[in-house]
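One structure below.
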Amino acid sequence: MMMPTYHNVHNAFKLNGFHFDRESLLRVAYSFIKEGQDFEKPIGDFLLDWFDDKPYIDLQSSGTTGAPKTIRTSKQAIVESAIATGDFFGLRPGNKVLHCLPVKYIAGKLMFVRAFILGLDIDFVAPSANPFQGDIADRKYDFVAMVPLQAKNSLKVLNSNVKKVIIGGSMISKALQKDLLKIATEVYETYGMTETITHIAAREIHEKAFTVLPEITISHDYRNCLVIHAPRISDDLIVTNDIVELVGKNQFKFIGRYDNIINSGGIKLIPEQIENKLSGKIPSRFFVTGKSDEKLGEKLILLVEGDKRPIDESVFEALDKYEKPKEVIFVPKFKQTENGKILRKETANSL
């Protein structure tokens with residue numbers, strides 16, 4: 450069987466209930482750009498870029514861990530990524546799929562590529578915090594991709610109407626994980642970035658370790674940060690800043706970001722571990738970070754989104770001695786990316 454190329458559109462592909470081939474998709478693209486709603490125009494631009502003569506496409510990173518940047522990527526590598534996802538999650542031609550992510554970023558683009566490469570029947574709706582509204586509220590889906598906030602707001606519908614959901618973009622909190630474990634839907638948290646052409650690993654919600662997709666191998670460097678070898682996606686090793694614990698040859702546990710580490714009086718603190726212990730105990734968004742301190746070099750502080758209010762000391766009982774914040778600061782509104790990821794450094798620097 451020949452490998453599909455980026456020129457192909459599967460004959461089972463449907464968009465919002467209608468069959469489209471390459472030529473009719475190009476007409477849809479022009480229509481989206483000229484007459485479409487705001488959320489439709491980026492997919493029009495993407496489709497024109499995808500079906501032009503160039504073998505590459507430029508992707509925009511979200512800017513969560515640094516300045517947003519443009520990454521030039523082989524279209525065929527994106528096709529390979531779509532096929533790997535299809536194999537990993539058992540997607541088949543004709544499967545009903547919901548697309549509710551912003552198309553500006555890689556996850557939203559990949560949902561379309563998966564659809565026309567694998568022959569999926571995809572409904573495309575405006576990205577929102579609660580996507581199951583209007584005409585699609587009662588529809589059944591085989592596969593949906595979401596960010597954590599969307600999943601949190603859709604638990605009831607997921608339980609009754611969706612067979613399989615993948616959640617990415619930011620970490621799933623302990624409180625949300627607890628809720629997701631109660632529903633009948635197969636739920637996966639994904640791991641990836643723009644450089645890896647969206648996810649390269651996933652974990653079922655009841656498991657602790659991520660499992661890498663087919664034909665991907667992993668190791669770690671001297672910092673214990675994940676190193677990814679994905680020959681079909683990138684000719685080079687992809688060295689991340691994510692501290693991991695390797696579990697066998699094809700699994701890893703995410704520990705935290707190397708560039709988030711706080712060195713407080715010689716003690717190295719990993720924010721993600723502390724935040725995991727506090728998850729569900731503070732009823733609004735929060736994160737911990739370091740603040741310059743003459744005595745400690747950096748002191749650990751807790752930033753909480755919203756108006757100032759008392760926080761009971763019992764909240765911190767789960768923390769070790771050095772993990773307890775030296776200061777709690779309330780921030781009216783966290784700075785974030787368009788798809789809802791908290792920008793830690795920008796928020797802290799704005800204080």
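Its first residue numbered 450, the sequence shown is counted upward by one per residue in the numbering used here.
Don't be surprised by glycine CBs; every beta carbon is placed ideally from N, CA and C.
Sort out for me which residues DSSP pairs residue i with in a bridge.
| i | result |
| --- | --- |
| Lys740 | Lys748 |
| Gly705 | Ile692 |
| Phe467 | Leu464 |
| Ala403 | For the chain, the structure presents residues 450 to 800; residue 403 sits outside this window and is missing. |
| Phe573 | His548 |
| Phe446 | Not covered by the structure: residue 446. The range shown for the chain is 450 to 800. |
| Gln785 | Ile791 |
| Val753 | Phe735 and Phe779 |
| Lys717 | Asn712 |
| Thr666 | His678 |
| Ile687 | Ile677 |
With the cut-off set at 8 Å, would you say residue i and residue j are in Cβ contact?
| i | j | result |
| --- | --- | --- |
| Val546 | Phe500 | no |
| Ile719 | Val753 | no |
| Phe703 | Ile667 | no |
| Leu686 | Val693 | no |
| Gly755 | Phe779 | yes |
| Ile711 | Leu751 | no |
| Lys601 | Thr634 | no |
| Ala651 | Phe561 | no |
| Asn699 | Val661 | yes |
| Leu508 | Thr643 | yes |
| Ile506 | Gly493 | no |
Please report the straight-line C-alpha distance between residue i and residue j, rounded to a whole angstrom.
| i | j | result |
| --- | --- | --- |
| Val611 | Asn690 | 34 Å |
| Gln582 | Leu607 | 13 Å |
| Ser733 | Asp498 | 40 Å |
| Met595 | Gly715 | 39 Å |
| Pro468 | Lys503 | The sequence shown places His at residue 468, not Pro. The alpha-carbon atoms of His468 and Lys503 are separated by roughly 25 Å. |
| Ile682 | Ile527 | 7 Å |
| Lys757 | Ser763 | 18 Å |
| Asp628 | Ser622 | 10 Å |
| Gly485 | Val477 | 9 Å |
| Phe736 | Pro580 | 26 Å |
| Tyr554 | Lys490 | 13 Å |
| Glu772 | Asp487 | 44 Å |
| Met450 | Gly535 | With a pLDDT of 49 at Met450, under the threshold of 50, the predicted position of this residue should be treated as unreliable, and no value is reported. |
Taking the beta carbon of residue i as the centre, do at least 16 other beta carbons fall within 10 Å, making it buried, or is it exposed?
| i | result |
| --- | --- |
| Gly697 | exposed |
| Gly557 | buried |
| Gln599 | buried |
| Met452 | exposed |
| Glu724 | buried |
| Ser799 | exposed |
| Phe462 | buried |
| Asp572 | buried |
| Asp570 | buried |
| Thr519 | exposed |
| Thr647 | buried |
| Glu529 | buried |
| Pro781 | exposed |
Which first and last residues belong to the alpha helix (DSSP H) in which residue i is found?
| i | result |
| --- | --- |
| Arg793 | Arg793 to Asn798 |
| Met452 | From DSSP, Met452 is part of no alpha helix (DSSP H); its letter is neither H nor E. |
| Asp628 | Lys623 to Leu629 |
| Asn544 | Unbroken run through Asn544: none, as it is neither H nor E. |
| Gly493 | Lys490 to Trp499 |
| Gln722 | Pro720 to Leu727 |
| Leu607 | Leu604 to Asn610 |
| Gln599 | Pro597 to Lys601 |
On the DSSP letters alone, give me the boundaries of the beta strand (DSSP E) that residue i sits inside.
| i | result |
| --- | --- |
| Ile520 | Thr519 to Ser523 |
| Arg588 | Run containing Arg588: none; DSSP gives neither H nor E here. |
| Val676 | Cys674 to His678 |
| Pro711 | Checking the sequence shown, residue 711 turns out to be Ile, not Pro. Ile711 to Ser713 is the extent of the beta strand (DSSP E) around Ile711. |
| Asn768 | The residue asked about is misnamed: residue 768 is Leu in this sequence, not Asn. Neither: Leu768 is in no beta strand (DSSP E) and is coded neither H nor E. |
Establish whether the CB of residue i and some CB of chain D are separated by less than 8 Å.
| i | result |
| --- | --- |
| Val777 | In summary, chain D is missing from the structure at hand, where a single protein chain is found. |
Can residue i be considered in contact with the ligand SAH, in the sense that its beta carbon sits closer than 7 Å to one or more heavy atoms?
| i | result |
| --- | --- |
| Ile566 | Absence of the ligand SAH is noted for the structure shown, with no ligands found whatsoever. |
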